[in-house]
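Input: a single structure, listed below in structure tokens.
2 protein chains.
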Amino acid sequence: MDGTFIARTFDIDFAKREVVLCSDDAADLGVRTGSRVKVVSKKAASVAIVNTTKKFVKQGEIGLFSKISKELKAEKGDKVAVHPVDRPSSVVFIKKKLAGEKLDAKEIQKVIDDMVSESMSDIEISAWVCALEAGGMTLEEVTSLTTSMALSGDTLELEGNVYDKHSIGGVPGNKITPLIIPIVAACGLKIPKTSSRAITSPSGTADMIELFCNVSFSLAEIKEIVEKTNGCMVWGGAVNLAPCDDMMIQAEFPLDLDPRPLLLASVMSKKKAVGANYCVIDLPVGHQTKLDNLPLGEKLARDFIDLGARIDMQVECALTYGGQPIGRAVGPALEAREALLSVKAGVGPESLIEKSCAIAGMLLEMGGVAPRDRGAAHALEVLMSGKAYAKFQEIIEAQGGNPKIKVEDIPIGRYTFDVKADSRGYVSKVSNSGIKLVARAAGAPRDKGAGVLLAQKVGAKVNAGDVLFTVYAERESKLSNAQVLVNSLNPVKVEGMVLETMNPNNPNIRIK
Amino acid sequence: MDGTFIARTFDIDFAKREVVLCSDDAADLGVRTGSRVKVVSKKAASVAIVNTTKKFVKQGEIGLFSKISKELKAEKGDKVAVHPVDRPSSVVFIKKKLAGEKLDAKEIQKVIDDMVSESMSDIEISAWVCALEAGGMTLEEVTSLTTSMALSGDTLELEGNVYDKHSIGGVPGNKITPLIIPIVAACGLKIPKTSSRAITSPSGTADMIELFCNVSFSLAEIKEIVEKTNGCMVWGGAVNLAPCDDMMIQAEFPLDLDPRPLLLASVMSKKKAVGANYCVIDLPVGHQTKLDNLPLGEKLARDFIDLGARIDMQVECALTYGGQPIGRAVGPALEAREALLSVKAGVGPESLIEKSCAIAGMLLEMGGVAPRDRGAAHALEVLMSGKAYAKFQEIIEAQGGNPKIKVEDIPIGRYTFDVKADSRGYVSKVSNSGIKLVARAAGAPRDKGAGVLLAQKVGAKVNAGDVLFTVYAERESKLSNAQVLVNSLNPVKVEGMVLETMNPNNPNIRIK
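Protein sequences appear in the order of chains R and P. Here my numbering is used: the first sequence runs in plain steps of one and ends on residue 512. Here my numbering is used: the second sequence runs in plain steps of one and ends on residue 1024.
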């Protein structure tokens, strides 16, 4: 039932805590691929998942990858003892959820504990995500999940009330954070904003902010920045907030799943972990966003509000127009330029200024800075007065950036091409997914200067030959990739008033 | 969108087709852990799943494990091109099933195709298994799944009608194959039996048969053996029948799941792949088997029969008593000895002879060898006449074994201990799971001579000091492991007629 093996170490930094045994030894121990074993060295012990092999390690040997060999402080040739251990009890709870049953708080806590201690395999995390997708969760269960996730990592402790905002994403060019945070912070409310980097989008908020200043800070440093300036704009990935969220995303991504309970718990656990007690959620609604129509958005908004109430957080939701990109710029540097212009002089695109002030205004109303229905106007005043810009500079400086940075200090791609209208008409559509794909093909978010700048948005009247948008790239090869994609996707559509003509012989001909 | 990398090869024979890229290169390609890429060398191309690392490979390098480097015929230093590719469409179908929708035959076929071509990750296979567990399948879907699985590997082609039997397992000591196959084959029916090795049990049928003869043969060899003798008793793992079954088991095992559609399809696809058109399924019913009670067994039996009808296979089911081990021996060598005695002279335990003849008889009735309700009697005649033994010897010889093998030629463990009754009474329980665990602790199935021999079964009257069972082991350390387990599990229970007494002060005292 147990045995002693000679360690062979492999300097491969796989994230998982796995060991490799030869098939005969595994059979002898009564374990197989996917079984758990406790591995004990002279100095430490750890639980790992078994892989079996016929050739990779010999009988009597155990293969240890970097992670586990470090934990065990075991070196090549060391003797380690191996004992089979039972499946973790979280497997029982995953099965229970797959069977459509409700989990209690302790059961959910156990799953999160096992995940955070990195003792769940890919197979088990995938099963958990699928169980939530198939079985759903009551709001009570989501509450337990949110709380467990919030407490699974580090937490930020600030004095007094803490404000926050979050956008569930889906619409490109949504550079509202560098406007909202300075406005709210300038009004004396604490708003410790953490943002993500791009996953599938051409520009995450953290990717853009990085062009102004550092975004990677410890929690202690974040606390100091917020205590000094009332705000921050940092990368959430640098701190250990609700760390199990990332593990679940590792399974959600290949399956293209985003189970509703996880969407809610993912957002709210991170807000809870920074201590927010007032929060606005931005829910972009529109074709090719995460919410196709208003009723879907309203349902999700109610869930966010109800969940907030259960975890002592006052939540308000903004269902926002997401039918085309926000503002005109998509891609880190182009967005940073647009945001800087907007926060500095309020001369950015109307859609950006209006949306930012509306959401900032909701926070100002929640914080008692402005009376109900006066928040957006108050926010706009703060922006136009220059107070928001002064606060922006203060935060940038606190995060190690140059507060005097100008638009022209932010380099953009030197390789560009214009896409022009080939007929007279109106811009009838700017495709969110089309613009995202073109910007990514051009190199965004990794090439910070790559992206798309829209010259026209929906409703604009254009003549043949007018520029519709410009693509920027840092590398010529990327520019041609984007060119190919523009030709096939045609992401900005121009149509005349006659969309189609029909005749009896050829019943459905579309005039471009 | 694509790039060229320098190969670094790692001689590690992981089953999966995975490559390792450094995080920056992955971001540049627009891929992440779990994404798929097409990898093209000068000589070949293959689709693999991405892992990302910060240290293991450097920028510009790609890590290739044995499987993929062999496929690409790529060596260290070779240039390979990498292009992102979309998620396989099977992911869409997995999501559809998770949403509770029905899949059509083409969709199921696509999932099985992707699995067999080894282009699904652990995460995806786990999601598929969970989707079947949560969403279930209609019989129409199970039919498609069974057919796709049957055609996913090799198939056996024999002339005329083909008979088969299968036990879904769960009860230890179920050594009926070496009785049934010779009886049926002796009556002129073709029965190409493939069996499995033990997974969680102390003895798989293939583990036991191996003590008489070889069990690993190619399909061509199996065909030759069956054409010569009408039967065979081989290991299914040596041939490529419904290979995706094993891949799904790799996810079922750690999750402790056995979704009903997969149970049905797993059994029936293998029967279909050997060309069976008549089949008996043995469904052991009883505490600690897979079927707790008769109604559960009846429901499963109906599904097997209906599924059979849809794939042109006449199926009959035997719901069998599974409340305690079949016969007295548990463990490969002990079972082989018991089976040999039984097939040779019909002197084995009644439970084994009766069950074997009943199931063989059903096949004889289906084959028109015996009239309805006379099959079991006919089978017993064939067994007692020595014809079954002659056929057993013929098959053993055809599989390269010694047809004259005697019981004493099969070595059993030299380390033993007896477990004795400590009071007078009746054997009230022989625990299936308790006996399995003790036999495994003693070293079975890897130590072929290890196991348990029951001296008494349920209902036997015993006196204090009578031997209840004997544990056999090949290694002293294993024997002590088993001893510890016997003390804690007490797998054979002896009770007097008074089970409990109660008094007002101590309301529930059990007399042992």
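The beta carbon of each residue, even a glycine, is placed where N, CA and C say it ideally should be.
Out of curiosity, what's the CA-to-CA distance linking Val738 (chain P) and Glu988 (chain P)?
Taking the second sequence and counting its residues from 1, one reaches residue 738 (chain P) at position 226. Taking the second sequence and counting its residues from 1, one reaches residue 988 (chain P) at position 476. In a straight line, the C-alpha of Val738 (chain P) is about 41 Å away from that of Glu988 (chain P).
If you measure from the beta carbon of Met513 (chain P) to each beta carbon in chain R, is any gap under 8 Å?
Start at 1 with the first residue of the second sequence, and residue 513 (chain P) comes out as number 1. With a pLDDT of 48 at Met513 (chain P), under the threshold of 50, the predicted position of this residue should be treated as unreliable, though the coordinate-derived value follows. So, interface residue.
DSSP on Asn993 (chain P), reduced to helix/strand/coil?
Your numbering for residue 993 (chain P) matches position 481 in the second sequence. It is helical.
Please classify Thr650 (chain P) as buried or exposed, where buried requires at least 16 other C-beta atoms within 10 Å of its C-beta.
As a position in the second sequence, residue 650 (chain P) is number 138, starting the count at 1. Thr650 (chain P) is exposed by the Cβ-count criterion.
Unbroken alpha helix (DSSP H) runs of length 4 or more, entirely within the segment 425 to 473 of chain R: which are they?
432 to 441
Can you check whether the C-beta of Gly30 (chain R) is within less than 8 Å of a C-beta belonging to chain P?
Counted from its first residue, the first sequence places residue 30 (chain R) at position 30. Yes - at least one Cβ of chain P is within 8 Å of the one on Gly30 (chain R).
Val516 (chain R) to Val996 (chain P), Cα distance in whole Å?
Because chain R in this structure spans residues 1 to 512, residue 516 (chain R) falls outside the shown range and cannot be described.
DSSP three-state label for Val91 (chain R), please.
Walking along the first sequence from the start, residue 91 (chain R) turns up at place 91. The answer is helix: DSSP assigns Val91 (chain R) an H, G or I state.
Bounding residues of the beta strand (DSSP E) (the contiguous stretch that carries Cys791 (chain P)):
As a working note, residue 791 (chain P) is residue 279 in the second sequence. Element bounds for Cys791 (chain P): Tyr790 to Val797.
Across which residues does DSSP place Ile49 (chain R) in a beta bridge pair?
To locate residue 49 (chain R), count along the first sequence from 1; it is residue 49. DSSP lists R:Glu18 and R:Arg36 as partners of Ile49 (chain R).
Quick check: Phe724 (chain P) and Val746 (chain P), are their CB atoms within less than 8 Å of each other?
Position 212 of the second sequence holds residue 724 (chain P). Position 234 of the second sequence holds residue 746 (chain P). Between Phe724 (chain P) and Val746 (chain P), the C-beta spacing is not below 8 Å.
Pro844 (chain P) at chain R interface by Cβ criterion, 8 Å:
Looking up residue 844 (chain P) in the second sequence gives position 332. Not closer than 8 Å to any Cβ of chain R, the Cβ of Pro844 (chain P) fails to qualify, so no.
Length of the line joining the Cα atoms of Asn673 (chain P) and Val559 (chain P):
Residue 673 (chain P) sits at position 161 when you count from the first residue of the second sequence. Residue 559 (chain P) sits at position 47 when you count from the first residue of the second sequence. So the alpha carbons of these two residues sit roughly 41 Å apart.
Out of R:Ala150, R:Met362, R:Ile49 and R:Lys55, which one is the CA nearest neighbour of Gly275 (chain R)?
As a position in the first sequence, residue 275 (chain R) is number 275, starting the count at 1. Cα-wise, what sits closest to Gly275 (chain R) is R:Ala150.
Of the residues R:Asn481, R:Thr53, R:Arg337 and R:Lys493, the one placed nearest Ala26 (chain R), counting alpha carbons only:
Counting from 1 along the first sequence, the entry for residue 26 (chain R) is found at position 26. Nearest C-alpha to Ala26 (chain R): R:Thr53.
Unbroken beta strand (DSSP E) run spanning Thr516 (chain P), endpoints:
Working through the second sequence from its first residue, we reach residue 516 (chain P) at position 4. Per DSSP, Thr516 (chain P) belongs to the beta strand (DSSP E) from Gly515 to Phe522.
Just tell me which of P:Pro714, P:Glu906 and P:Lys969 has its CA closest to the CA of Gly937 (chain P).
Numbered from 1 along the second sequence, position 425 holds the residue referred to as residue 937 (chain P). The alpha carbon of Gly937 (chain P) has as its nearest neighbour, out of P:Pro714, P:Glu906 and P:Lys969, the alpha carbon of P:Lys969.
Classify Glu587 (chain P): buried if its beta carbon has 16 or more other beta carbons within 10 angstroms, exposed otherwise.
Sequence index remark: in the second sequence, residue 587 (chain P) carries index 75 (1-based). The residue in question, Glu587 (chain P), is exposed, as its Cβ has fewer than 16 Cβ neighbours within 10 Å.
For Ile922 (chain P), report the span of its beta strand (DSSP E) as first-last.
Walking along the second sequence from the start, residue 922 (chain P) turns up at place 410. Ile922 (chain P) -> no beta strand (DSSP E), and no H or E assigned at all.
Hey, does Leu769 (chain P) have any beta-carbon neighbour from chain R nearer than 8 Å?
Numbered from its first residue, the second sequence carries residue 769 (chain P) at position 257. Answer yes: the Cβ-Cβ gap between Leu769 (chain P) and chain R drops below 8 Å somewhere.
Own chain, CB closer than 8 Å to Pro371 (chain R), minus 5 neighbours either side, in chain order:
Your numbering for residue 371 (chain R) matches position 371 in the first sequence. Excluding positions up to five away in sequence, the list reads Glu365.
For Lys272 (chain R), write down the residues that DSSP places opposite it in a beta bridge.
As a position in the first sequence, residue 272 (chain R) is number 272, starting the count at 1. Beta bridge pairing from DSSP links Lys272 (chain R) with no other residue.
Please tell me whether Ala754 (chain P) and Lys735 (chain P) are closer than 8 Å, where the distance is taken between their beta carbons.
Here the question's residue 754 (chain P) lines up with position 242 in the second sequence. Here the question's residue 735 (chain P) lines up with position 223 in the second sequence. Cβ atoms of Ala754 (chain P) and Lys735 (chain P): not closer than 8 Å.
7 Å Cβ cut-off: residues of chain P touching Thr33 (chain R)
What you label residue 33 (chain R) is simply residue 33 of the first sequence in a count that begins at 1. One finds Gln762 in chain P with Cβ atoms closer than 7 Å to the Cβ of Thr33 (chain R), taken in chain order.
Is Glu645 (chain P) helix, strand or coil by DSSP?
Position 133 of the second sequence, counted from the start, is the residue given in the question as residue 645 (chain P). The answer is helix: DSSP assigns Glu645 (chain P) an H, G or I state.
Nearest CA to the CA of Lys856 (chain P): which residue from P:Thr658, P:His595, P:Val842 and P:Pro694?
Sequence index remark: in the second sequence, residue 856 (chain P) carries index 344 (1-based). For Lys856 (chain P), the nearest C-alpha among the options comes from P:Pro694.
Which residues, in order along the segment 644 to 659 of chain P, keep a beta-carbon less than 7 Å from a beta-carbon of chain R?
Residues passing the 7 Å Cβ filter: Glu645, Ala646 and Gly647.
Whole angstroms are fine: how far does the CA of Asp536 (chain P) sit from the CA of Ile6 (chain R)?
What you label residue 6 (chain R) is simply residue 6 of the first sequence in a count that begins at 1. What you label residue 536 (chain P) is simply residue 24 of the second sequence in a count that begins at 1. CA-CA distance, Ile6 (chain R) to Asp536 (chain P), rounds to 36 Å.
Below 8 Å on the Cβ atoms is my contact criterion, and I expect Phe10 (chain R) with Leu64 (chain R) to pass it. Report the Cβ-Cβ distance as a whole number of Å.
Indexing the first sequence from 1 puts residue 10 (chain R) at position 10. Indexing the first sequence from 1 puts residue 64 (chain R) at position 64. Yes, they are in contact, since the Cβ atoms of Phe10 (chain R) and Leu64 (chain R) sit about 7 Å apart, within 8 Å.
When burial is assigned at 16 or more other CB atoms within 10 Å of the CB, is Pro771 (chain P) buried or exposed?
The sequence position of residue 771 (chain P) within the second sequence is 259, counting from 1. Classification of Pro771 (chain P): buried, given that the 10 Å Cβ count is 16 or more.
Report buried or exposed for Val19 (chain R), applying the criterion of at least 16 other Cβ atoms within 10 angstroms of its Cβ.
As a first step, residue 19 (chain R) is located in the first sequence; it is residue number 19 there, counting from the start. Result: buried.
Thr146 (chain R) versus Asn277 (chain R): straight-line alpha-carbon distance, rounded
By 1-based counting over the first sequence, the position of residue 146 (chain R) is 146. By 1-based counting over the first sequence, the position of residue 277 (chain R) is 277. Straight-line Cα distance between these residues: approximately 14 Å.
From Ile209 (chain R) to Leu219 (chain R), what distance separates their C-alpha atoms?
Stepping through the first sequence from its first residue, residue 209 (chain R) is reached at position 209. Stepping through the first sequence from its first residue, residue 219 (chain R) is reached at position 219. About 18 Å.
Ser90 (chain R) to Ile435 (chain R), Cα distance in whole Å?
Against the first sequence, residue 90 (chain R) aligns to sequence position 90. Against the first sequence, residue 435 (chain R) aligns to sequence position 435. The alpha-carbon atoms of Ser90 (chain R) and Ile435 (chain R) are separated by roughly 42 Å.
Which value, in whole angstroms, describes the spacing of the CA atoms of Lys67 (chain R) and Val40 (chain R)?
Walking along the first sequence from the start, residue 67 (chain R) turns up at place 67. Walking along the first sequence from the start, residue 40 (chain R) turns up at place 40. So the two alpha carbons sit approximately 14 Å from each other.
DSSP three-state assignment for Ser707 (chain P), whether helix, strand or coil
The residue labelled residue 707 (chain P) in the question sits at position 195 within the second sequence. In this structure, Ser707 (chain P) counts as strand in the three-state DSSP scheme.
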